[in-house]
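**Q** Take a look at this one; I'll ask things after.
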Amino acid sequence: MQPFDDLSGEFQARLREIVSTTRQTADGSSTVTFSTARIECDYTPGVVKRLGLGQLVAVPNVQTLGTNNIYSLYEIADVYPMHYSMLTLDRSQPAAIRKEFMDLIEKEWEKGSKSTWSK
Numbered sequence: 009m010q011p012f013d014d015l016s017g018e019f020q021a022r023l024r025e026i027v028s029t030t031r032q033t034a035d036g037s038s039t040v041t042f043s044t045a046r047i048e049c050d051y052t053p054g055v056v057k058r059l060g061l062g063q064l065v066a067v068p069n070v071q072t073l074g075t076n077n078i079y080s081l082y083e084i085a086d087v088y089p090m091h092y093s094m095l096t097l098d099r100s101q102p103a104a105i106r107k108e109f110m111d112l113i114e115k116e117w118e119k120g121s122k123s124t125w126s127k
């Protein structure tokens, strides 16, 4: 029995970054630190449909690389499919150009393009 579901081998992901944020509690008596990980994965419609808020993702612990049984667990807080080309789009570009660009990206996704990533 495998302890994790790799979604039939289709969930190919990598840890992109970990950001820690520390803030004071509401009463100011102590501090709380949150770690947020950004995980990139190949865009596969079936995988994206199965990832949801509150689910857990196990990532091999970076401090113990070489051993296959120590993981860090992260809760999914957001799933944001993004095409590499979307990084160059912003609101300063005319809406018609952005829409045409997004239509082209959607057509690539429908064909199963691997030039994509998800967070």
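Using the working numbering, read the sequence shown as starting at 9 and increasing by one per residue. Where is the CB? At the ideal position from N, CA and C, for every residue including glycine.
Would you kindly work out how many angstroms separate the C-alpha atoms of Thr44 and Leu23, rounded to a whole number?
**A** Indexing the sequence shown from 1 puts residue 44 at position 36. Indexing the sequence shown from 1 puts residue 23 at position 15. For Thr44 and Leu23, the distance between alpha carbons rounds to 11 Å.
**Q** Quick one: grab the DSSP three-state call for Glu18.
**A** Along the sequence shown, one-based indexing puts residue 18 at 10. Glu18 falls in the coil class under three-state DSSP.
**Q** For Gln32, does the three-state DSSP call read helix, strand or coil?
**A** The sequence position of residue 32 within the sequence shown is 24, counting from 1. Gln32 falls in the strand class under three-state DSSP.
**Q** Straight-line CA distance for Asn77 to Thr33?
**A** As a first step, residue 77 must be located in the sequence shown, where it is residue number 69. As a first step, residue 33 must be located in the sequence shown, where it is residue number 25. Each residue's alpha carbon lies about 34 Å from the other.
**Q** How big is the Cα-Cα spacing for Tyr79 and Ser100?
**A** Position 71 of the sequence shown, counted from the first residue, corresponds to residue 79. Position 92 of the sequence shown, counted from the first residue, corresponds to residue 100. Their backbone Cα atoms lie some 42 Å apart in a straight line.
**Q** Skipping 5 residues on each side, what residues in its chain have a beta carbon closer than 6 Å to that of Ala66?
**A** For the purposes of this step, residue 66 is taken as the residue at position 58 of the sequence shown. Closer than 6 Å at Cβ, skipping near neighbours: Phe12, Tyr79, Leu81.
**Q** Where Pro89 and Glu114 are concerned, what is the direct C-alpha to C-alpha distance, given to the nearest angstrom?
**A** On the sequence shown, residue 89 is found 81 positions in, with the first residue counted as 1. On the sequence shown, residue 114 is found 106 positions in, with the first residue counted as 1. Cα-Cα distance, rounded: 11 Å.
**Q** What would DSSP say about Arg24, mapped onto helix, strand or coil?
**A** In the sequence shown, the residue the question calls residue 24 occupies position 16. It is a strand residue.
**Q** At 3 residues or longer, what runs of the beta strand (DSSP E) sit wholly inside the region 31 to 64?
**A** Taking only runs of at least 3 residues, the beta strand (DSSP E) segments lying wholly in the region 31 to 64 are 39 to 49.
**Q** When DSSP labels each residue in this structure, what does Ala85 get in the three-state scheme?
**A** Residue mapping note: residue 85 aligns to position 77 of the sequence shown, counting from 1. The answer is coil: DSSP assigns Ala85 none of H, G, I, E or B.
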